[in-house]
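Novice: Numbering-wise (my numbering), the sequence shown opens with residue 23 and increments by one. One structure coming up, written as structure tokens, with questions to follow.
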Amino acid sequence: MAEYPELRGKVVVVTGGAAGIGGAASAQFARQGATVAILDRDGQAAQDLAVSLTTEGLHAQAFRTDVTSRTEVERAIGEVVLAYGQIDILVTTAGGFWYRRTLLEIDEEEWDAIVDLNLKSVYLTCHAAVPHMLGRGWGRIVLVSSWLARGAPVHASLHYVASKAGLIGMTRQLARELAPNGITVNATAPGVAWSPRIRQLYDDTTIANLEQLIPQHRISEASEHADSILFFASNAATFITGAVLDANGGGVMP
Ligand SMILES: NC(=O)c1ccc[n+]([C@@H]2O[C@H](COP(=O)([O-])OP(=O)(O)OC[C@H]3O[C@@H](n4cnc5c(N)ncnc54)[C@H](O)[C@@H]3O)[C@@H](O)[C@H]2O)c1
Numbered sequence: 023m024a025e026y027p028e029l030r031g032k033v034v035v036v037t038g039g040a041a042g043i044g045g046a047a048s049a050q051f052a053r054q055g056a057t058v059a060i061l062d063r064d065g066q067a068a069q070d071l072a073v074s075l076t077t078e079g080l081h082a083q084a085f086r087t088d089v090t091s092r093t094e095v096e097r098a099i100g101e102v103v104l105a106y107g108q109i110d111i112l113v114t115t116a117g118g119f120w121y122r123r124t125l126l127e128i129d130e131e132e133w134d135a136i137v138d139l140n141l142k143s144v145y146l147t148c149h150a151a152v153p154h155m156l157g158r159g160w161g162r163i164v165l166v167s168s169w170l171a172r173g174a175p176v177h178a179s180l181h182y183v184a185s186k187a188g189l190i191g192m193t194r195q196l197a198r199e200l201a202p203n204g205i206t207v208n209a210t211a212p213g214v215a216w217s218p219r220i221r222q223l224y225d226d227t228t229i230a231n232l233e234q235l236i237p238q239h240r241i242s243e244a245s246e247h248a249d250s251i252l253f254f255a256s257n258a259a260t261f262i263t264g265a266v267l268d269a270n271g272g273g274v275m276p
């Protein structure tokens, strides 16, 4: 793991921070000496991770939050600010899809649910957190998109791909808006990574096919995408904003 002493003492909010890529990011930020607010719909998993990190002498706290609910997001961000006085870094990882769907298989209700989870939730979280980042001349926002929004040659779900592509537009526009305030906004575009959801979503044949398709011939670890997130938050990325970091084993080269 790279060492970023500049992250020590920073207050980091990670949505979906209890498991998968978000869970790896929460743990890595805590190991760099940051204070991590784990916002996750699965309150028990968030609590378990926070306890395991604090047992190591690190700083983390769980905030049970469904990021699709404006009320819950605003409450959680309010509680983080009450507890720590500031937010330095915001990472929006909560998201995903659970079934592969084509256009005619998607009804309006499911479209709204997936777009709310993957796109609107990021607006809600940024809308609640950014006022606490302004006026201090420094901040970092990292959104988590997907290789599926970068042209990966696999069948995915239309609503999910549209949402993750929307995040890339959001990254660029928000980067422009917040640059005068010293806040950078970047996105990671992970390829397939082992996570609780991916283990349920893909069967062995699909995994084998994906491994065949990816030049590195493997599924990545969630921690490899946490590495991208920490890079954007670090002083190694001070002049980078509005960028997308593709980490996909060569599976797509946009
Ligand atoms: N794993 C992959 O292959 C992969 C690839 C590209 C992008 N991504 C993206 O990375 C992110 C994390 O996915 P993953 O597969 O690593 O982890 P995951 O989906 O297994 O776990 C994500 C965490 O998010 C939480 N979560 C889900 N819905 C939530 C909600 N409404 N409010 C708050 N928390 C919620 C879950 O409880 C869980 O702890 C997602 O945005 C996903 O789209 C993942």
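Just so you know, even glycine gets a beta-carbon here, dropped at the ideal spot from N, CA and C.
Restricting to Cα atoms, I'd like to know which of Pro276, Ala24, Leu126 and Gly42 is closest to Trp169.
Specialist: Locating residue 169 in the sequence shown gives position 147, counting from the first residue. When only C-alpha atoms are compared, the closest one is Pro276.
Novice: I need the straight-line Cα distance from His154 to Gly204, nearest angstrom please.
Specialist: Locating residue 154 in the sequence shown gives position 132, where the first residue counts as 1. Locating residue 204 in the sequence shown gives position 182, where the first residue counts as 1. Distance between the alpha carbons of His154 and Gly204 is about 13 Å.
Novice: Taking one C-beta from the segment 132-141 and one from the segment 76-84 each time, how about it: are there three or more such pairs within less than 8 Å?
Specialist: Flag = no, the segment 132-141 and the segment 76-84 do not touch.
Novice: Here's a check: name, in chain order, each residue in its chain whose Cβ is nearer than 7 Å to the Cβ of Thr92, leaving out the five neighbours to either side.
Specialist: Residue numbering aside, residue 92 sits at position 70 when the sequence shown is read from its first letter. First, the residue type needs correcting, since residue 92 is Arg and not Thr in the sequence shown. These residues qualify, in order along the chain: Leu146.
Novice: Going straight from the alpha carbon of Ala248 to that of Val166, what length do you get?
Specialist: Counted from its first residue, the sequence shown places residue 248 at position 226. Counted from its first residue, the sequence shown places residue 166 at position 144. Roughly 10 Å separates the two Cα atoms.
Novice: What residue from Arg53, Glu28 and Cys148 has the CA that sits closest to Thr193's CA?
Specialist: Position 171 of the sequence shown holds residue 193. The residue with the shortest Cα to Cα distance from Thr193 is Cys148.
Novice: From which residue to which residue does the alpha helix (DSSP H) around Pro218 run?
Specialist: Stepping through the sequence shown from its first residue, residue 218 is reached at position 196. Counting along the chain, the alpha helix (DSSP H) containing Pro218 begins and ends at Pro218 to Leu223.
Novice: By DSSP, does Thr37 sit in helix, in strand, or in coil?
Specialist: Against the sequence shown, residue 37 aligns to sequence position 15. Strand at Thr37.
Novice: Using CA atoms only, rank isn't needed, just tell me which of Val266, Ala151 and Gln108 is closest to Asn208.
Specialist: Position 186 of the sequence shown, counting from 1, holds the residue named residue 208. Measuring from the Cα of Asn208, the nearest candidate turns out to be Val266.
Novice: At what residues does the alpha helix (DSSP H) containing Thr263 begin and finish?
Specialist: If you number the sequence shown from 1, residue 263 lands on position 241. Neither: Thr263 is in no alpha helix (DSSP H) and is coded neither H nor E.
Novice: Which residue or residues does DSSP assign as beta-bridge partners of Pro237?
Specialist: Along the sequence shown, read from residue 1 onward, the residue named residue 237 stands at position 215. Paired residues: none, contrary to the question.
Novice: With DSSP as the reference, label Arg122 as helix, strand or coil.
Specialist: By one-based count along the sequence shown, residue 122 stands at place 100. Coil at Arg122, not helix or strand.
Novice: For Ile111, which residues in the same chain have their Cβ closer than 6 Å to its Cβ, ignoring the five residues on either side in sequence?
Specialist: Here residue 111 corresponds to residue number 89 of the sequence shown, with the count starting at 1. Result list for Ile111: Lys32, Val34, Arg162 and Ala255, in chain order.
Novice: Classify Ser179 as buried or exposed, calling it buried when 16 or more other Cβ atoms lie within 10 Å of its own Cβ.
Specialist: Locating residue 179 in the sequence shown gives position 157, where the first residue counts as 1. Counting Cβ neighbours within 10 Å, Ser179 comes out buried, since at least 16 surround it.
Novice: Give the range of the alpha helix (DSSP H) segment to which His247 is assigned.
Specialist: The residue given as residue 247 occupies position 225 in the sequence shown. Segment Ala244 to Ala255, the alpha helix (DSSP H) holding His247.
Novice: Taking Ile111 as part of the alpha helix (DSSP H), name the residues at either end of that continuous run.
Specialist: Here residue 111 corresponds to residue number 89 of the sequence shown, with the count starting at 1. No alpha helix (DSSP H) contains Ile111, which is instead part of the beta strand (DSSP E) from Ile111 to Thr114.
Novice: Whole angstroms is fine: what's the gap from Pro237's alpha carbon to Gly272's?
Specialist: Residue 237 sits at position 215 when you count from the first residue of the sequence shown. Residue 272 sits at position 250 when you count from the first residue of the sequence shown. About 5 Å.
Novice: Just to confirm, are Thr114 and Thr206 a CB contact at a threshold of 8 Å?
Specialist: As a first step, residue 114 must be located in the sequence shown, where it is residue number 92. As a first step, residue 206 must be located in the sequence shown, where it is residue number 184. Cβ distance not < 8 Å, so Thr114 and Thr206 don't count as in contact.
Novice: Find the nearest neighbour of Trp160 within the set Asn257, Thr37, Gly38 and Gly45, judged by alpha-carbon distance.
Specialist: For this step, residue 160 is matched to residue 138 along the sequence shown. Looking at the Cα atoms, Asn257 is the closest of the given residues.
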